[in-house]
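In this note's numbering, the protein residues as written are 747 to 1115.
Just below is one structure, and these are the notes that go with it.
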Amino acid sequence: MIPIARPQMGEEEKELVWSALSSGALAQGARVRELEERFATFIGAPHAIATSSGTTALHLALLGLGIGPGDEVVTVPFTFIASATSILFTGARPTFVDVEPRTFDMDPDRVEAAITPSTRAIMPISLYGQPADMEAIEGIAERFGLAIVEDAAQSHGAAISDRRSGTWGTGAFSFYPTKNMTTGEGGMITTADGAYADRVRLLREHGMKVRYHHDVLGYNFRMTDIHASIGLAQLAKLPDYNRRRRENAARYDRELRGVITPAVRAGVTHVYHQYTLRVNRRDEFVERLAQRGVGTGVYYPIPVHRQAPLIAAGYGDQRFPVSELLAEQVVSIPVHPSLSDDELASVIEAVNETAEELGPLLVDTTVEA
Ligand SMILES: Cc1ncc(COP(=O)(O)O)c(C=O)c1O
């Protein structure tokens, strides 16, 4: 079976991890600082703050803005649940707006109507590796005096023109194993605001600048030097990984038939964390691809407002037709950098044969949502 993800660990990762283990410095230390510096340079952000996961990066990013009870953050329901739960963790409430059906990202035209006097921030998700329409969102944020927290968990190295994901307001990245680069578990906050970076660092470490002197209620959201060691090796390979993902996607764009392939907005560098199709009769599609040896993934089968914790928080009756339709139609095929030419050809053959078998019911183009 060609898997939907295949994290690649080489000698570089092993050597750096082994040297971290041998040094005895295991918790947050020099390796974490080095990863922060290199990641900041790569993204083009003046500051980067490493965290224990993408979820804690989002949570901390919001805490650093002082967001809490009584506040609202505008985000989308077509995402991984951590986007919304990170808002709930602070005591604030997410306000959901629907996504745009071709790019899967936040529809900026819907944002303004969702803003109330309690709104403090907008959290677009750069889903599957395509930056959200950050320029439009930045315009709205500036007009209403709102902060931006970009959930860049899936968009390391993605860009609009030559400006990378993570450089509009605050960026929050994940280094989970299936991501474009990994540290095992880990995350990163990026920002241009030095005072904000200091506040976030303080909250990350028990509210402590001087050892055992705690200035504010803080957390332990630190990354370890062991994880940062993996990250340093991975970051060096990220440009090549992303290039291969983009080449694989370009081949799919050219050769796939009978399915809706992902749309990319003009001027955007998509880094294809996922290559996501839209199909009808998804269960049959997935089953037939599996029979042909091709693994798939569905990100995500249930929109966030329909998940139990959000239903409990009172969102269950809200309707987001585009997100709900996409949750039924999306299916991702392997696009990761370790795919061989033969594997790519097998995926293309499997998709095209399946599309032909399932025929016109495969794609209902009348439903643009
Ligand atoms: C869009 C999105 N947001 C947030 C997260 C949370 O990241 P993590 O799993 O590193 O906590 C992920 C990754 O799983 C994600 O894909």
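Each residue gets a CB set at the ideal place from its N, CA and C atoms; glycine is no exception.
Beta-carbon proximity check, residue i vs residue j, cutoff 9 Å
i, j, result
"Ser864", "Gly933", "no"
"Ala974", "Val778", "yes"
"Glu1001", "Ile1094", "yes"
"Phe919", "His902", "yes"
"Leu1108", "Arg784", "no"
"Gln774", "Arg957", "no"
"Leu1056", "Ala1096", "no"
"Ile833", "Val819", "yes"
"Ile795", "Thr913", "no"
"Ala904", "Arg866", "no"
"Phe835", "His805", "yes"
"Asp855", "Val822", "no"
"Ser907", "Gly1013", "yes"
"Arg992", "His1016", "yes"
"Ile935", "Ala807", "yes"
"Arg1011", "Gln900", "no"
"Thr937", "Ala771", "no"
"Gly1004", "Ala860", "no"
"His793", "Ala786", "yes"
"Met880", "Arg909", "yes"
"Ser799", "Glu931", "yes"
"Glu896", "Ala878", "yes"
"Leu781", "Thr924", "no"
Contacts around residue i, its chain only, beta-carbon distance under 8 Å, and the 5 residues preceding and following it disregarded
i, result
"His952", "His960, Gly964, Tyr965 and Asn966"
"Val1044", "Arg1028, Val1032, Val1076, Val1077 and Ser1078"
"Ala776", "Asp971"
"Thr801", "Ala828, Thr831, Ser832, Ser920 and Gly933"
"Leu762", "Arg777, Ser975, Ile976, Leu978 and Ala979"
"Leu984", "Phe788, His902, Gly903, Asn926 and Met927"
"Glu1030", "Leu1104"
"Arg947", "Ile795"
Cβ shell of residue i (< 7 Å), same chain only, five flanking positions each side left out
i, result
"Thr898", "Residue identity check: residue 898 is Ala in the sequence provided, not Thr. Contacts found: Ser872, Ser911, Gly912, Gly917, Ala918 and Phe919."
"Thr1007", "Tyr998, Asp999 and Leu1023"
"Ile750", "Gly1041, Thr1042, Gly1043, Ser1078 and Pro1080"
"Phe1066", "Pro823, Phe842, Asp844, Pro1049 and His1051"
"Leu809", "Thr836 and Leu949"
"Ala813", "At residue 813 the sequence reads Ile, which differs from the Ala that was named. The residues are Val819, Thr836, Ala838, Arg866 and Ala867."
"Glu858", "Ile886"
"Leu1090", "Asn994 and Arg997"
Test: residue i CB closer than 9 Å to a CB of chain D
i, result
"Val1032", "Within the model displayed, chain D is absent; a lone protein chain is all it includes."
Cβ-based neighbour list, residue i, same chain, cut-off 6 Å, excluding 5 preceding and 5 following
i, result
"Ala1009", "Arg848 and Thr849"
"Ser765", "none"
"Arg1038", "Ala1096"
"Arg990", "Pro1083"
"Met747", "Gly1039 and Gly1041"
"Pro840", "Val819, Thr821, Ala830 and Ile833"
"Val962", "Gly953"
Three Cβ pairs or more, each shorter than 8 Å: is that satisfied between the region 864–879 and the region 748–765?
When C-beta atoms of the region 864–879 are compared with those of the region 748–765, fewer than three pairs fall below 8 Å, so the two segments do not count as touching.
Would you call the region 1008–1025 and the region 940–957 touching, i.e. three or more CB-CB distances under 8 Å?
They do not touch, by the three-pair rule.
Does the region 919–928 come close enough to the region 878–894 to have 3 or more Cβ pairs within less than 8 Å?
No, the region 919–928 does not touch the region 878–894.
Whole alpha helix (DSSP H) elements within the region 981–1038, 4-residue minimum
1028–1037
Of all the beta strand (DSSP E) runs that stay within the bounds of the region 817–854, which reach a length of 3 or more residues?
818–821 and 839–842
At what residue ranges does the region 1041–1078 contain a whole run of the alpha helix (DSSP H), taking only runs of 4 or more?
1054–1058 and 1067–1075
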